[in-house]
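For reference, the structure discussed in these notes is given below.
In UniProt numbering, the protein residues as written are 1 to 217.
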């Protein structure tokens, strides 16, 4: 869930792009994590068919900052990373997941992720844990959230599957209407479907979510 597709989105934004602090020195040691995040943003931007200028407009960030970010010359704040993730139909946890440098056709055939393993981070208003490693055709995630406000509508190009492990979830699928999902219920929707959700009770929700990987170009 919680990612926006390329094109118009239901969101509030300021009239001017956010300016991030520029890189102070190009002679600084190479930041491998910054390179990995920048490379993932660049690959996803290209998969969406966006130019740097278009992504800057979608994310309400400056074009020079995004250029530095994609080259691994700077790191974004969490606020800026969330803007970029939403503009790309992704999430902070997906953009920050570690990579091992192997090609998609050179991934191990079997991956085990223990209960205390997996990359964790924000996914919209929820917290998420990735349930696999590496470059995979789909992203299985465990999500936990307590938001009673559904927030803005989101769209992304990939299909998505949602299964409620605990709690109750209200899902707004404009224009398909609103559905109440209880523990054990599941929902599947195709890419491009506007959606937002919120917890029905104060105890929140826990979900198993599977999202397709963006197709590279």
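All C-beta atoms in this analysis are idealised placements derived from N, C-alpha and C, irrespective of residue type, glycine included. This one's a predicted model, so the numbers in the text were calculated from it and none came from an experiment.
Between residue 204 and residue 121, the C-beta gap is not smaller than 9 Å, which leaves the two residues out of contact. For residue 163, the three-state secondary structure derived from DSSP is strand. Counting other Cβ atoms within 10 Å of its Cβ, residue 110 stays below 16 and is therefore classed as exposed.
Collapsing the DSSP output to three states places residue 125 in coil. Spanning the alpha carbons of residue 147 and residue 202 requires a straight line of approximately 9 Å. In this structure, the beta-carbon distance from residue 191 to residue 166 does not fall below 9 Å. Contact between residue 125 and residue 151 is confirmed by a C-beta separation of about 6 Å, below the 8 Å threshold. Partner residues in the beta bridge of residue 195, as assigned by DSSP, are 154. Counting only residues of its own chain and dropping the five nearest sequence neighbours on each side, residue 83 has a CB closer than 8 Å to the CB of 18, 59, 60, 61. Three or more beta-carbon pairs separated by less than 8 Å are not found between the stretch 128 to 140 and the stretch 177 to 195, which leaves the two stretches without contact. Following the DSSP letters along the chain, one finds residue 140 in no alpha helix (DSSP H) but inside the beta strand (DSSP E) bounded by residues 138 to 145.
Residue 112 is classed as exposed because its beta carbon has fewer than 16 other beta carbons within 10 Å across all chains shown.
Between the alpha carbons of residue 72 and residue 45 lies a gap of roughly 15 Å. Note: residue 208 is bridge-paired with 142, 163 in the DSSP secondary-structure output.
Annotated as distal: residue 130 and residue 160, with beta-carbon spacing of 9 Å or more. When the beta-carbon positions are compared, residue 173 and residue 195 come within less than 9 Å of each other. Under the DSSP assignment, residue 80 falls in the alpha helix (DSSP H) whose first and last residues are 78 to 87. Per DSSP, residue 110 lies in no beta strand (DSSP E) segment and is marked neither H nor E.
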